[in-house]
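Residue numbers (my numbering), protein chains in the order written: chain A, 13 to 269; chain B, 13 to 269.
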């Protein structure tokens with residue numbers, strides 16, 4: 013069986029699957045097939061990519077150079093148990109799933125994790141997104157680097173442990189941060205304002221990360237030990253128990269730093 | 013007594029006092045005097061501004077148009093008890109202190125609160141910083157608007173209650189956010205990485221605030237209900253009790269949203 017030089021199949025039809033495959037196609041890698049458990053989704057993405065939808069893992073073209081598994085974290089191991097290819101480089105795109113979960117899929121396996129939140133209408137410049145890569149051999153790594161290089165200019169090698177730590181840190185710096193924005197927005201709504209009023213402040217705080225470590229940039233009543241202001245804030249939050257608990261926890265953590 | 017047209021005195025010599033007075037001077041408002049309890053600080057800032065240092069509140073020139081009290085939150089009320097001027101517009105620059113604390117200082121009082129973290133070496137474009145203003149009368153407000161207009165293009169009227177809510181929301185969106193960056197940075201250090209690897213992710217999250225409310229932008233294992241990943245994260249944090257407590261609190265809060 014002769015391998016096509018630049019072909020891939022996509023397993024999954026969500027936002028990450030779609031963005032990666034569109035980006036690959038744009039950069040000269042032909043998407044042959046799209047697999048999804050949900051027929052309709054496979055057909056929709058396949059249509060967008062001018063690829064063939066497939067509904068059984070056994071129907072996947074073994075001549076493809078790359079097979080990209082871009083499904084929910086839980087679903088990766090299911091695919092890992094069933095998918096069997098020979099020489100295709102099979103990678104998953106999860107931040108938390110170990111490479112081992114897909115080790116039986118092919119002689120050549122790896123991970124290609126985009127360190128970015130990818131939502132449906134993300135207008136992403138893929139070139140800017142750090143891609144964390146890992147592979148099961150030097151040969152696989154070299155192939156994976158080619159694949160990753162068509163997507164981004166920032167390729168970082170990270171084994172599964174390192175990738176998990178990075179993912180966990182992203183949950184704090186990104187997901188939890190966004191929840192703090194939600195709390196701020198809810199507080200501002202009562203005054204008929206919204207989070208946009210805080211954007212210059214937030215942007216400055218983010219920009220300062222380029223220069224200093226965040227612990228050096230810490231400001232605010234907790235960092236200053238401004239007890240009167242802290243007391244006033246807790247009073248303002250007295251009917252909002254959960255938010256008050258977060259306020260207390262952070263104030264104490266910042267003061268102990 | 014004849015008022016000078018564009019003159020101000022500064023009470024305080026910290027970062028906010030310095031940045032505001034430099035900016036005023038740049039925009040044609042002459043700084044006559046700098047007062048500070050700490051002689052050395054008054055002299056240093058006065059020298060930079062080519063102003064006169066004063067060490068007693070009674071020494072403040074009553075002919076100045078503006079008197080800007082830019083001291084720590086706790087010190088505003090002390091100044092409020094002692095400073096007595098007649099027609100000078102006296103304002104403080106605090107996010108949390110009520111305007112009433114300085115009501116005896118003059119017939120014309122107000123608040124000029126820059127909604128930005130101002131540190132020593134901040135390279136600030138003052139024009140971008142939202143300024144929250146409040147005044148004790150229509151006349152004072154009109155004078156304060158002129159003063160604020162020389163500093164920024166974004167002037168927002170906010171009474172003391174509204175300003176306090178905005179300040180509290182900024183503590184969540186800015187100070188606490190920075191603490192999450194610190195946690196992320198500490199986790200990454202163990203893998204010889206730092207927070208910079210997460211900057212594209214963080215910047216995207218901030219940019220999305222321009223379009224949607226943050227609750228609509230929430231992503232991550234908590235928002236997805238990805239129990240396996242959450243369990244794995246808690247395991248990774250098992251020796252880091254305080255950080256684990258923050259993880260649990262946020263995961264629960266996001267899931268209840």
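Glycine included, C-beta positions come from ideal geometry on N, C-alpha and C. Source: prediction; values computed, not measured.
May I ask you to check if the CB of residue 72 of chain A is nearer than 7 Å to at least one heavy atom of the ligand NAD?
Absent from the structure shown: the ligand NAD. Ligands present: none.
Taking the alpha-carbon of residue 172 of chain A as reference, which of A:183, A:146 and A:189 has the nearest alpha-carbon?
Cα-wise, what sits closest to residue 172 of chain A is A:146.
Run through DSSP, which three-state label would residue 74 of chain A get?
Reduced to three states, the DSSP call for residue 74 of chain A is coil.
Residue ranges of each beta strand (DSSP E) run of no fewer than 3 residues wholly in the region 129–193 of chain A, ordered along the chain?
Runs found: 143–147 and 167–169.
Put residue 24 of chain A into one of helix, strand or coil per three-state DSSP.
Looking at residue 24 of chain A - three-state DSSP - the assignment turns out to be coil, as it is neither helix nor strand.
Measure from the alpha carbon of residue 168 of chain A to the alpha carbon of each residue in B:183, B:167 and B:209, then state which is nearest.
Among B:183, B:167 and B:209, the Cα nearest to that of residue 168 of chain A belongs to B:209.
List the residues of chain C whose Cβ lies closer than 7 Å to the Cβ of residue 216 of chain A, in chain order.
Absence of chain C from the displayed structure is noted, the protein chains being A and B.
Sorted by chain position, which residues of the same chain lie with C-beta nearer than 8 Å to residue 16 of chain A's C-beta, five sequence neighbours on each side aside?
For residue 16 of chain A, the predicted model reports a pLDDT of 47, less than 50, meaning its position is unreliable; a value from the coordinates is still stated below. Only 42, 44, 75, 76 and 77 meet the Cβ criterion.
Pairs of beta-carbons, one from the region 144–164 of chain A and one from the region 244–254 of chain B, closer than 8 Å: are there three or more?
Counting Cβ pairs under 8 Å, fewer than three are found: no touch.
Can you have a look at residue 85 of chain A and say buried or exposed, based on whether 16 or more other CB atoms are within 10 angstroms of its CB?
Residue 85 of chain A is buried by the Cβ-count criterion.
Have a look at residue 220 of chain B and residue 229 of chain B and give me their C-alpha separation to the nearest angstrom.
In a straight line, the C-alpha of residue 220 of chain B is about 7 Å away from that of residue 229 of chain B.
If you follow the alpha helix (DSSP H) that residue 255 of chain A is part of, which residue opens it and which one closes it?
That run of the alpha helix (DSSP H) goes 253–268.
Under 8 Å, Cβ to Cβ, is there at least one residue of chain A near residue 120 of chain B?
Answer no: the Cβ-Cβ gap between residue 120 of chain B and chain A never drops below 8 Å.
Does any CB atom of chain B fall closer than 8 Å to the CB of residue 79 of chain A?
No, because no Cβ of chain B sits closer than 8 Å to the Cβ of residue 79 of chain A.
Are any of the Cβ atoms in chain A nearer than 8 Å to that of residue 212 of chain B?
It does; some Cβ of chain A falls within 8 Å.
Any contact of the region 181–196 of chain B with the region 196–206 of chain A, i.e. 3+ C-beta pairs under 8 Å?
Result yes; three or more Cβ-Cβ pairs closer than 8 Å.
Under 8 Å between the Cβ atoms of residue 28 of chain A and residue 100 of chain A?
No, the pair does not count as a contact, with Cβ atoms beyond the cut-off.
Alpha carbons only, please: which of A:177, A:115, A:57 and A:128 is nearest the one belonging to residue 217 of chain B?
Nearest option by C-alpha distance: A:128.
Using the Cα positions of residue 91 of chain B and residue 125 of chain B, report the straight-line distance between them to the nearest angstrom.
Approximately 17 Å between the Cα atoms of the pair.
Kindly say whether residue 203 of chain B, judged by its beta-carbon, lies nearer than 8 Å to any beta-carbon of chain A.
It does; some Cβ of chain A falls within 8 Å.
What separation, rounded to the nearest whole angstrom, lies between the Cα atoms of residue 34 of chain A and residue 26 of chain A?
Roughly 12 Å between the two C-alpha positions.
Hey, quick one: how far does the beta strand (DSSP E) through residue 103 of chain A stretch, first residue to last?
Element bounds for residue 103 of chain A: 101–104.
Can you list, in chain order, the residues of its chain with a C-beta nearer than 6 Å to that of residue 256 of chain A? Leave out the 5 residues immediately preceding and following it.
Contacts found: 249.
Quick check for students: name the residue ranges of the alpha helix (DSSP H) that lie wholly in the region 26–53 of chain B, counting only runs of 4 or more.
Taking only runs of at least 4 residues, the alpha helix (DSSP H) segments lying wholly in the region 26–53 of chain B are 27–38.
Counting only C-beta atoms, is residue 140 of chain B closer than 8 Å to chain A at any point?
Yes, its Cβ sits closer than 8 Å to a Cβ of chain A.
Among A:188, A:236, A:50 and A:95, which one has its Cα closest to the Cα of residue 70 of chain A?
The residue with the shortest Cα to Cα distance from residue 70 of chain A is A:95.
Closer than 8 Å, CB to CB, is residue 48 of chain A near chain B or not?
So no, residue 48 of chain A is outside the interface.
In three-state terms, what does DSSP make of residue 244 of chain B?
Of the three classes helix, strand and coil, the one that applies to residue 244 of chain B here is helix, per DSSP.
Below 8 Å between beta carbons: does that hold for residue 82 of chain A and residue 141 of chain A?
Going by C-beta atoms, residue 82 of chain A is not nearer than 8 Å to residue 141 of chain A.
Any idea if residue 59 of chain A is buried or exposed, counting beta-carbon neighbours within 10 angstroms, 16 or more meaning buried?
Flag for residue 59 of chain A reads exposed.
Quick check on DSSP: helix, strand or coil for residue 88 of chain A?
Residue state, collapsed to three classes: helix.
What do you reckon, are the CB atoms on residue 234 of chain B and residue 189 of chain B nearer than 8 Å?
Not closer than 8 Å, so no.
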